[in-house]
Each structure stands twice: as C-alpha cells, then as structure tokens.
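Student: Sharing a structure, written as structure tokens. Questions coming.
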Amino acid sequence: MMAGGVKKPVNIFKLRNLDEPRQVFNWRLWFAVISFGLLGAARGVDEGLISGAFNSKNFQGLINYGSYTKSEQANIKANVSAMVQIGSVAGALLAFAICDRIGRIWATRQLCVLWVFGIAIFMGSNGNLGAIYAGRFIAGLGVGQTPVVGPVYIAEIAPASIRGFCTCIFTGFVYLGIVLAYFTNYGSQLHLGDTTPNRWLVPTSLHIMFAGLIFILTFFQYESPRYLVKQGQNDKALQVMSRLRKLPPDHEYVVGELNAITLSHHEEMEATKGAGWFGILKEAFTIRSNLYRVGLTIGAQVMSQWSGAGSITLYAPDLFELLGVTGTDETLLVTAVFGVVKLVAAVLCALFLVDFIGRKRSLLLGIGLQAIAMIYVAGFLTAVPGLGGDGDANGTTYTLSTSELGPSKGAIAMIYVSGFGWALGWNSMQYLLTAELFPLRIRAFCTSLAMTFHFANQYGNSRAVPNMLLPVANGGISAQGTFWCFAAVTLLGGAWVWFFIPETAGRSLESMDRLFSLPWYKIGRYGNRDADAQDRAFDEKQAEAAVAVHLEKDRSNESNDTNNDTSRAPV
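Numbering follows the numbering used here, with no gaps: position 280 of the sequence shown is 439.
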C-alpha cells in the first residue's frame, strides 16, 4: 500500500490516508521535525532584521551613510542587504557535497558555526563597509545551506501522509524568524531609540541565539535513515527508523518502509553502476524524468523570487513608507504586523491546505492572491505617481489628498494580502517540492542546485529592487513600474504551475518516478492520473504475487504432509 500510494478516503488534514500506525505520529518525530525546522529561522531572521537595522540612525551614522549621493546610498543599502544572498549561493552549492559527505547532522553543525562566525564579524565591523560585507557573506555561507539540509532531512524522516505538513514547518519557522526580527526592531526603536549607541546590535543578536539553539539540538537527533541506507549502514538505519516510528524493528510498517528505501536505492545504484559524482550529474541531466524535475525546481525559484514577495519582506519598512505610512515607529509596527500575517498564512497552509487540498491547488491559490495584490498596488502607484518618487528620489515629500487616503490604506492592505498569498504558495512550495521530487541518490545534489538558483535570484531581486524603485530620471523604472513587473511575473508563474507541475501530496518518496513517465507537456495536467493507474497496476501485481506465494506455500505444505504420511506407513 505504501509503495503504491493508492487513493483512500480523505481523512482530516490528509489528502491520502495511508493507514500509518498511530505510534508513527509520536514526540520523537515532532521533536526532530521542529529541531530541523528551526533552520528556516536563519533566512527569516536575516530578512526581517537587516532593513530595520540599516534604517536605524546610529547604524547609518556608523557608516557615514549621509555623506553619499542618493544613487550611492541605494547601492550601499542593496549591497549590505543582499550580501547574505551572495554568500548563500556559494553555501547552497557547498551543501550538496557537505550534506552527502558528512551527513545531515554534521552538515547542520558546521553551517551553524559559519553563521555565527559571519554575524560576529558583522557586529564587530565598527562601521567598516568591507568588514560588513565580509561578515554578511560568511554568514550567507551558513544560511545558504539551511534550505538544503532542513527540508531534505524533514522530508526523509516524515511519513508520506504528513510530509507536506512537516516540511511546511520549516517555512513556518522562516516566518517566525521574520516576526521576531520585525518586533525586535520595533521594540528596540520604541525603548532604545536612535540615541542609544549601537542600538542595531540588540536585534542582530537574534542570529546568534537561533544558531546556538539549533547547534545544541543536533546532539539530541538521529541521522536520516535514508542517508544511512545510502552509506550502506542498513542495520543502523533500521534502528533509527524504529526509534523515529516508535515501533519494534521487526514491525511490518518499519520493515516495509526500510525495504522500499533500500530497494529504490539499489535500483538507482544499478542504473548508474555506482558511479561517483559524474554518475550523479549524468543521472540528473541525462535521464528525461530527472531533467524535467530539475527544470521544475529551477523554474520555481525563478518565478517565485521575481514575483516580488521576497523583496517586499526584505524592504517592507521602505515600501510601507512609500505607500503612505509615516513615522519610524509606525512603519516598524505595520511591518511587524505584516510578519504576523505571513506567519498565520504559513500555519494555515501547513495545517489545512498542503496535505488536504494538495500542493498544486495551494500554490495556485497563493499565486492568485499575490497577483491580485500586485496589480492593485501597481494600479494605485500609477494613479498616484507622486508616491513613486516622480520628481523626488525619496518619494517622501508627497502628501496624500483626502481622496487618496482610502486607496492608500487599500494598497497597504494589499501588501498584507501579497504576503498571505506568498506564504500559502511559492514560499512553502519552493522548499517542499524541491525536497520530495528527486530520487535518493541525487536528492541532495538537486536540492542544492535548486537552492543555488534560489539565492542567486533572491540576490538579483533584492540587489535590483532599490534601484528599480528609483524614478526614471534617476535610472530606475519607478515604483509603479516595479510592481507592474512583479504582477506580470506572478501571472506567468500561475500559468506555468497549471501546465507543468504535477500533484505530489500523499505519495511516498520512492514512488515519485511514476508522476514523470508521460511526455513532458502532459505531466502537469495528466501525470497524477497516469501515476494512479500505475499504482493500481503495481498493487494488483503485488496482490497476485502474494497469492502465488500463498498457493505455493500451501502446495509445499501438502507435499510435506504426504511425504510424512508415507514415511509413517507400516512396512
């Protein structure tokens, strides 16, 4: 049943009921999921902190920000904000080799060390831009590994029926990190103000707190059973699977799950003849179904990052100010509420959508909300071009008229709607789909490749947005042009998802191949139907084989009984 993934009646919070024993959903599983889900906070904390820290007067004074021209200020802000993304590109590339070489547990420990080391350099920079850039780059080397190690580990230990929920916990911690960062910025501004020396160091210390907590928690976790199978440690994998499932090692469910993992890995090794890294590259790019999956994950990163929601998170205080929110305290408070909205959306997605209505429907729902929001904001800024900075590089001198106040509040609300849609859609699915689509042998490499594109596009977007928002006269495309661009990419992404992404909910990791047996142009629309037909055929063959084994056993027993009767007959 597990291998085939045949549809069952829908159960609450599940798209498919796979009849897992109750013991499977135990505290050890949730402790492991939460421990590795915390890795999501690495990105969330940075995205939520850096804009608020940069906008503090004492940080700007530390780097003599006011001595630069408006164009130079935009470039400095973009560089400081995006330097973690540059480091994360390299970190995501490193994650593949590290994750497969030393395992998921030790990979987590070393990324925490890099993360803390980089932040320490950043905090001790004393206003030196070179040290600030270097520290944030090194921190990025650690942060860039988190969306590879975290989702891969969680997907590998989670039961199929709740894999979506478990992986979305990683996304939830992204938003928890954002919320804590936003409110820490707001609280520091409210109680410390800009007169306190180095006020920006207080919220920045959140990085060290999270990295330290994650590092400590790794000493209470077990290595991924799938990684252990890949390393040939099947006995240890059985022990770990037994502990995670809280079932005896000889339990039918544990034995069946591990046998499916082992069989799938042996088939992969047989297909590639055990070749090393070259074999992994060859398997990823020359096997049609794997190449399609690589294209899906890379496409998801491009579409999601250029839909604009990520840059809205990064530059939320500036964008709320652009839309008419005035005052530093008010801007930070509105930004903090924005973080709460995204966290709530992530929780709703994890609990009620991703495993219940499926990945694809949840993604399309989120993209739809995001598109509506982007179009409204773009239209509002087009109707009120003064807010976009026409004639003023800052866009802060324009005063809204009475008739424009209502639409301005609507635009602010639409930023919330955009964040809600982003959390329901792209930001949850870009990790989940990447972690669960690929065969075990190439999973770490392909996830690492996808996250490399993730951070490269995130860097490009976050680096470009401050310049894009500048008026046309100053070399930008204006605020309204920026949001029209985001709206166009969001609509394109929705069409791409509809035609090319299949549904993966409720399917075991070892049965994903069945979704990709059709020609590429049919997979998105008909892949699930074809996979379900293969599931039924597989289960029928399994049932026939079981019946044949049972009949053969009965015949063998009858033959033994006959022989025994003959041996006991009198001479």
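We put the CB at the ideal spot given by N, CA and C, even for glycine.
#1: In angstroms, rounded to a whole number, what distance separates the CA positions of G283 and T355?
#2: Just to check my reading of the structure: L528 and G580 have Cβ atoms closer than 8 Å, yes? What is that Cβ distance to the nearest angstrom?
#3: If the criterion is Cβ atoms closer than 8 Å, does the pair W643 and A468 meet it?
#4: Can you tell which of W274, A256, L455, G652 has its C-alpha closest to the C-alpha of F437?
#5: Assign H613 to one of two classes, buried (16 or more other C-beta atoms within 10 Å of its C-beta) or exposed (fewer than that).
#6: Can you check whether the C-beta of R181 is within less than 8 Å of a C-beta belonging to chain C?
#7: What is the DSSP secondary structure of G653, counted as helix, strand or coil?
#8: Are there 16 or more other CB atoms within 10 angstroms of the CB of L300, so buried, or fewer, so exposed?
#9: Starting from the C-beta of L710, find all residues in its chain whose C-beta is less than 6 Å away, skip the five residues before and the five after it, and write them out in chain order.
#10: Can you give the Cα-Cα distance for P678 and Q693, rounded to whole angstroms?
#11: Determine the DSSP secondary structure at V484, reduced to helix, strand or coil.
#12: Roughly how far, in whole angstroms, is the beta-carbon of G498 from the beta-carbon of V338, given that I think they are within contact range, below 8 Å?
#13: Which one of C605, F645, V484, L523 has the shortest CA to CA distance from P566?
#14: Using the C-alpha atoms, what's the distance from W657 back to F515?
#15: Could you please give the first and the last residue of the uninterrupted alpha helix (DSSP H) stretch that includes A279?
#16: For L406, name the three-state secondary structure that DSSP assigns.
#17: How is F579 classed by DSSP in three states: helix, strand or coil?
#18: From this set, Y386, L252, S194, which residue's C-alpha is nearest E315's C-alpha?
#19: Are there 16 or more other CB atoms within 10 angstroms of the CB of A654, so buried, or fewer, so exposed?
#20: Considering only their Cβ atoms, is the gap separating F374 from C271 smaller than 8 Å?
#21: Apply the 10 Å Cβ neighbour rule to H425 and answer buried if 16 or more other Cβ atoms are within range, or exposed otherwise.
#22: Drop a sphere of 10 angstroms on the beta-carbon of Q639, count the other beta-carbons inside from all chains shown, and report buried for 16 or more, exposed for fewer.
#23: Is A475 closer than 8 Å to S210 when the C-beta atoms are compared?
#24: Assign W465 to one of two classes, buried (16 or more other C-beta atoms within 10 Å of its C-beta) or exposed (fewer than that).
#25: Under three-state DSSP, which class holds A552?
#26: Tell me, to the nearest whole angstrom, how far the beta carbon of R622 is from that of A212; I am working on the premise that it is less than 8 Å.
#27: Can you find at least 3 beta carbon pairs, one from the segment 604-618 and one from the segment 243-261, that sit closer than 8 Å?
#28: Along the chain, where does the alpha helix (DSSP H) that runs through N217 open and close?
#29: Check each candidate in R260, H410, A237 and name the one with the smallest Cα separation from A603.
#30: What distance in whole Å lies between the Cβ atoms of I328 and I193, which are believed to be in contact at a cut-off of 8 Å?
#31: Please classify R181: does DSSP put it in a helix, a strand, or coil?
#32: On the three-state DSSP scale, how would you describe I446?
#33: Taking G203 and V414 to be in contact with their CB atoms under 8 Å, please state how far apart those CB atoms are, rounded to whole angstroms.
#34: Using the rule of at least 16 other Cβ atoms within 10 Å of the residue's Cβ for burial, across every protein chain shown, is V631 buried or exposed?
Tutor: In short:
#1: If you take the alpha carbons of G283 and T355, they lie about 17 Å apart.
#2: In this structure L528 is in contact with G580, their Cβ atoms being roughly 3 Å apart against a cut-off of 8 Å.
#3: Going by C-beta atoms, W643 is not nearer than 8 Å to A468.
#4: Ranking W274, A256, L455, G652 by Cα distance to F437 puts A256 first.
#5: Buried, by the Cβ-count rule.
#6: Within the model displayed, chain C is absent; a lone protein chain is all it includes.
#7: In the structure shown, the three-state DSSP call for G653 is helix.
#8: Classification of L300: buried, given that the 10 Å Cβ count is 16 or more.
#9: Result list for L710: empty, nothing under 6 Å.
#10: Cα-Cα distance, rounded: 15 Å.
#11: Correct three-state label for V484: coil.
#12: At roughly 4 Å, the Cβ-Cβ gap stays under 8 Å, so G498 and V338 are in contact.
#13: Looking at C605, F645, V484, L523, the one whose alpha-carbon comes closest to that of P566 is V484.
#14: Their backbone Cα atoms lie some 18 Å apart in a straight line.
#15: First-last of the alpha helix (DSSP H) with A279: 229-282.
#16: Coil at L406, not helix or strand.
#17: Secondary structure at F579: helix, using DSSP grouped into helix, strand and coil.
#18: E315 has its Cα closest to that of Y386, out of Y386, L252, S194.
#19: Classification of A654: exposed, given that the 10 Å Cβ count is below 16.
#20: Contact flag set, yes.
#21: Here H425 is exposed, its C-beta having fewer than 16 other C-beta atoms within 10 Å.
#22: Buried, because 16 or more other Cβ atoms sit within 10 Å of the Cβ of Q639.
#23: Inclusion of S210 and A475 in the CB contact set at 8 Å is warranted, their separation being smaller than that value.
#24: By the 10 Å Cβ count, W465 comes out buried.
#25: Caution applies to A552, whose pLDDT of 40 falls short of 50 and renders its modelled position unreliable; the value that the coordinates give is listed next. Reduced to three states, the DSSP call for A552 is coil.
#26: The pair is not a contact, with the Cβ atoms about 18 Å apart (cut-off 8 Å).
#27: Contact between the segment 604-618 and the segment 243-261 is present: three or more C-beta pairs spanning the two stretches fall below 8 Å.
#28: For N217, the uninterrupted alpha helix (DSSP H) segment begins and ends at 216-221.
#29: It is R260.
#30: The beta carbons of I193 and I328 sit about 7 Å from each other, so the pair counts as a contact at 8 Å.
#31: Secondary structure of R181 (DSSP, three-state): helix.
#32: In the structure shown, I446 sits in coil (DSSP, three-state: anything other than H, G, I, E or B).
#33: That belief does not hold up - the Cβ atoms of G203 and V414 are roughly 39 Å apart, past 8 Å.
#34: Flag for V631 reads exposed.
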